[in-house]
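Peer 1: Can you read through this structure? Questions will come right after.
In structure tokens, the structure reads:
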């Protein structure tokens, strides 16, 4: 199953994707409130062309958005960092999410605006103290994620929150592919293009902390709920470590592509 979030009369809804069209299934809150029912339900809405919808993030507004830093060895190397002993988790908030095709503004106070392609995991069950062996049973699906980062803010203090949460700086989409359709999440090609030029190119089997291990680590202290998001880290090739450093500027188009999911596109604009 492939689904997305879109607006219906001001209400976030889940739509099932069929080619170039989508059919409404239910509201986002209804979907994550009773996944066992809605996963097997038939969409009843009339087909709507994907080009005619207004997309919204495919998760509830209560979703936790947890991200792994330094989870690909080559990215650790390019940043001059040490390999972490445990998953290095930081948070983005729901308000930072944006959707496929949206505009993302460059922060006024920081022009070091950088891309990070990531595979995001969407949680599909309540998870508390979940063993690694059982963790993948709680995964609903996978999607593309761009952890766009304001490097100036990120480097000014030891806390990353402001640098990792500029407005609309966490594009997610274009669709969620459910785990049963997606299959093995490892070995999938993942890449970033800026104005058509490839900047990152890797595979998801390069992750240091795999998904199940990460879920076990998180849920030992923080419960996960349906609709929560885990972004699993980025491979090498970020703009901050290019020679010379290169960043996103107004007018750029950035695309994140993951094999068997699709392309997540964002337009970079000036703020205001």
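In the numbering used here, the protein residues as written are 12 to 283. Ideal placement from N, C-alpha and C gives every residue a C-beta, glycine not left out.
1) Suppose you measure from the CA of residue 47 to the CA of residue 90; what does that come to, to the nearest Å?
2) Expressed to the nearest angstrom, what Euclidean distance is found between the alpha-carbon atoms of residue 315 and residue 13?
3) Would residue 206 be called buried (16 or more neighbouring beta carbons within 10 Å of its own) or exposed?
4) Run the CB neighbour count on residue 97, radius 10 Å, all protein chains shown included, and call it buried at 16 or more, exposed below.
5) Just the C-alpha distance for residue 49 and residue 179, rounded to the nearest angstrom, thanks.
6) Short check: CB of residue 131 to CB of residue 183, under 8 Å?
7) If you follow the alpha helix (DSSP H) that residue 145 is part of, which residue opens it and which one closes it?
8) Is it the case that the Cβ atoms of residue 254 and residue 279 are separated by a distance below 8 Å?
9) Which one or two residues does DSSP pair with residue 140 in a beta bridge?
10) Please name the residue or residues paired with residue 60 in a DSSP beta bridge.
11) Is residue 125 near residue 88, with beta carbons less than 8 Å apart?
12) Residue 171 and residue 101 - do their beta-carbons sit closer together than 8 Å?
13) Can you tell me which of the three DSSP states residue 93 falls into?
14) Apart from the five residues on each side of it in sequence, which residues of its chain come closer than 6 Å, Cβ to Cβ, to residue 268?
15) So is residue 256 buried or exposed if we call it buried at 16+ other beta carbons inside 10 Å?
16) Assuming residue 86 and residue 225 make a contact with CB atoms under 8 Å, what is their CB distance in whole Å?
17) What would DSSP say about residue 88, mapped onto helix, strand or coil?
18) Within this structure, are the beta carbons of residue 25 and residue 69 separated by less than 8 Å?
19) Pull the bridge partners of residue 130 from the DSSP assignment, please.
Peer 2: The relevant details are as follows:
1) Those two C-alpha atoms are separated by around 43 Å.
2) What is shown of the chain runs 12 to 283, which leaves residue 315 out entirely.
3) Residue environment for residue 206: exposed (fewer than 16 other C-beta atoms within 10 angstroms of its C-beta).
4) Exposed.
5) One C-alpha to the other measures close to 29 Å.
6) Yes, the pair counts as a contact, with Cβ atoms nearer than the cut-off.
7) Run containing residue 145: 143-146, per the alpha helix (DSSP H) assignment.
8) When the beta-carbon positions are compared, residue 254 and residue 279 stay at least 8 Å from each other.
9) None, per the DSSP bridge assignment.
10) Answer is 32.
11) Cβ atoms of residue 125 and residue 88: not closer than 8 Å.
12) Yes, Cβ-Cβ distance for residue 101 and residue 171 is below 8 Å.
13) When secondary structure is reduced to three states using DSSP, residue 93 falls in the coil class, being assigned neither helix nor strand.
14) Contacts found: 202 and 274.
15) Label assigned to residue 256: exposed.
16) Rounded to the nearest angstrom, the Cβ distance from residue 86 to residue 225 is 16 Å, too far for a contact under 8 Å.
17) DSSP places residue 88 in the helix class (H, G or I) of the three-state scheme.
18) Yes, these two residues count as a Cβ contact at 8 Å.
19) When DSSP reads this structure, residue 130 sits in a beta bridge with 155.
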